[in-house]
Amino acid sequence: ISGQFLVSCQTGLHVCIWGQMTVTQNPEIKSIKQGETVTISCKTSQTLTSCSTCVSWYQQKPGEAPKLLIYTINTLQSGTPSRFSGSASGTDFSLTISGVQTEDTGDYYCMNSVSSAVWT
């Protein structure tokens, strides 16, 4: 459909050995019109008190490696457009794309790391 494209959010559910925490991402495929705002959410099973700034967001396009967009909840990686932003509240984390563009089509993943343990 002209003027529309997909932003898909894959399910992520892995258990980290440290604290037996799980990170769950909404298993949604969102169809968005260019210029609209979209929010993708991610939830942890516990409040991240000791590592509240360790959440990152990645974008993956077909046939490509995941690309870091945002780290420490809301810090943009160099080269990430300012239309991307991250936020957090308790166990809820969000990636917002304001004024989505066709080049934003892809899969988006949240990730949290604690020491050397990493899960998505």
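Using UniProt numbering, read the sequence shown as starting at 1 and increasing by one per residue. We put the CB at the ideal spot given by N, CA and C, even for glycine. Keep in mind the model is a prediction, meaning the values are calculated, not measured.
First through last residue of the beta strand (DSSP E) which encompasses residue i
i, result
"VAL38", "38 to 44"
"SER78", "Taken as a continuous stretch (DSSP letters only), SER78 belongs to no beta strand (DSSP E), as it is neither H nor E."
Per-residue DSSP class, three states only, for residue i
i, result
"THR105", "coil"
"CYS110", "strand"
"VAL100", "coil"
"GLY86", "strand"
"LYS61", "coil"
"GLN34", "coil"
"THR24", "strand"
Proximity below 9 Å, CB of residue i to CB of residue j
i, j, result
"ASN74", "SER89", "no"
"ILE70", "ARG83", "no"
"SER85", "THR72", "no"
"GLN77", "GLY106", "no"
"LYS43", "ASP92", "yes"
Through-space distance from residue j to residue i, alpha-carbon basis
i, j, result
"ILE29", "ILE40", "10 Å"
"SER31", "ASP104", "12 Å"
"TYR108", "THR80", "14 Å"
"LEU68", "GLY35", "22 Å"
"THR24", "TYR58", "15 Å"
"THR102", "ALA65", "19 Å"
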